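J.:
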Amino acid sequence: MYSNMGTQPGPGMPRPAADAQPNPFGNAFYGAGSGLIRGGLGAYGEKILGSSSEYVQSNISRYFSDPQYYFQVNDQYVRNKLKVVLFPFLHRGHWTRITEPVGGRLSYKPPIYDINAPDLYIPFMAFGTYVVLAGFTLGLQGKFTPEALNWLFIKGLFGWFMQFMLLKVTLLSLGSGEAPLLDVVAYAGYTFTGLCLAVLGRIVFSYSYYFLILWMCMCMGVFLVKTMKRVLFAEMRTHDSSRHHYLLIFIAFAQLPLFLWLGNITVNWLF
Numbered sequence: 631m632y633s634n635m636g637t638q639p640g641p642g643m644p645r646p647a648a649d650a651q652p653n654p655f656g657n658a659f660y661g662a663g664s665g666l667i668r669g670g671l672g673a674y675g676e677k678i679l680g681s682s683s684e685y686v687q688s689n690i691s692r693y694f695s696d697p698q699y700y701f702q703v704n705d706q707y708v709r710n711k712l713k714v715v716l717f718p719f720l721h722r723g724h725w726t727r728i729t730e731p732v733g734g735r736l737s738y739k740p741p742i743y744d745i746n747a748p749d750l751y752i753p754f755m756a757f758g759t760y761v762v763l764a765g766f767t768l769g770l771q772g773k774f775t776p777e778a779l780n781w782l783f784i785k786g787l788f789g790w791f792m793q794f795m796l797l798k799v800t801l802l803s804l805g806s807g808e809a810p811l812l813d814v815v816a817y818a819g820y821t822f823t824g825l826c827l828a829v830l831g832r833i834v835f836s837y838s839y840y841f842l843i844l845w846m847c848m849c850m851g852v853f854l855v856k857t858m859k860r861v862l863f864a865e866m867r868t869h870d871s872s873r874h875h876y877l878l879i880f881i882a883f884a885q886l887p888l889f890l891w892l893g894n895i896t897v898n899w900l901f
């Protein structure tokens, strides 16, 4: 005979919970609810992360362009760009950059295809050449030391930074501060192309330095004015014409003290 109380579990067997109630719909509701929650949160998170990633990427590309873009150069571009920087009066073409559609939006062509595109190859090479020529000048004067060369290196970097700040503050004051950072760095670095010629002229024939430094100041002023006008017209919808011209004239005249300071190769880099 079987007892109506059911079989009692042994001492080693687990006891079922006394208040456990069967719920045939619990697992189904739980699975569907958790799946719905996971799917909804996943889609919402993907939307947030996607939009934020797109926002960050658009702003990074807006202010910080791809560094590889500025090194897409060849020999022909370097020769033509040096002619534009050192002899801007002879440049008969336009000063605007060439655009092309990339990914549904307009983008600028790299330097290898556009003579007006900024690059960092020439500024870096010119800066290194400037430091080497400055050290050679100190050697001819009998004042060369590694410490003096280090000071000249810092002096050149500081001069590059001053030129960069001059251009950046001008753009900000005119309401056009959206130019990519590396564009302004490249434009400021072209200063050392003219400085290299002036310092080389001092090494070859000392009196030619004064003529070359004045000529390079004038050429760099014209180049920067033309470039800034192109940047301003491209980025700005409205601007104060009189204020615009005054600031551009200030940029041109500011090249003289900067060139004289960087071209003065001495042990004391402050003077």
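Under the numbering used here, the first residue of the sequence shown carries the number 631, and numbering increases by one thereafter. Even for Gly, the Cβ is constructed at its ideal location relative to N, Cα and C. As the structure is a computational prediction, the values presented were derived from the model and not from experiment.
1. Is the beta carbon of Gly-819 closer than 7 Å to that of Pro-753?
2. Where Leu-796 and Ala-882 are concerned, what is the direct C-alpha to C-alpha distance, given to the nearest angstrom?
3. By a C-beta neighbour count over all protein chains shown, 10 Å radius and 16 as the cutoff for buried, is Phe-791 buried or exposed?
4. I'd like to check one pair, Ala-828 with Gly-786: are the Cβ atoms closer than 7 Å?
5. Rounding to the nearest angstrom, what Cα-Cα distance links Phe-847 and Gly-824 in this structure?
6. How about Ala-778 and Val-855: do their beta carbons lie closer than 7 Å?
7. Reducing DSSP to helix, strand and coil, say where Leu-671 ends up.
8. Taking a contact to mean a Cβ-Cβ separation below 7 Å, would you say Met-850 touches Gln-793 in this structure?
9. Between the C-alpha atoms of Ala-662 and Pro-740, what's the straight-line distance to the nearest angstrom?
10. Quick check on Pro-646: does DSSP put it in helix, strand or coil?
11. Using only the alpha-carbon positions, how far apart do Pro-654 and Leu-736 sit?
T.: The relevant details are as follows:
1. yes
2. 11 Å
3. Exposed, since its Cβ has fewer than 16 Cβ neighbours within 10 Å.
4. No, they are not a contact pair.
5. Note that residue 847 is Cys in the sequence shown, not Phe. For Cys-847 and Gly-824, the distance between alpha carbons rounds to 8 Å.
6. Cβ distance not < 7 Å, so Ala-778 and Val-855 don't count as in contact.
7. Because the pLDDT of Leu-671 is 42, which lies under 50, any placement of that residue in the model is unreliable, and the question is left without a value.
8. no
9. Caution applies to Ala-662, whose pLDDT of 45 falls short of 50 and renders its modelled position unreliable; the value that the coordinates give is listed next. For Ala-662 and Pro-740, the distance between alpha carbons rounds to 53 Å.
10. With a pLDDT of 46 at Pro-646, under the threshold of 50, the modelled position of this residue cannot be trusted; read the value that follows with caution. Pro-646 falls in the coil class under three-state DSSP.
11. Since pLDDT at Pro-654 reaches only 45, below the 50 mark, its modelled position is unreliable, and no value is offered.
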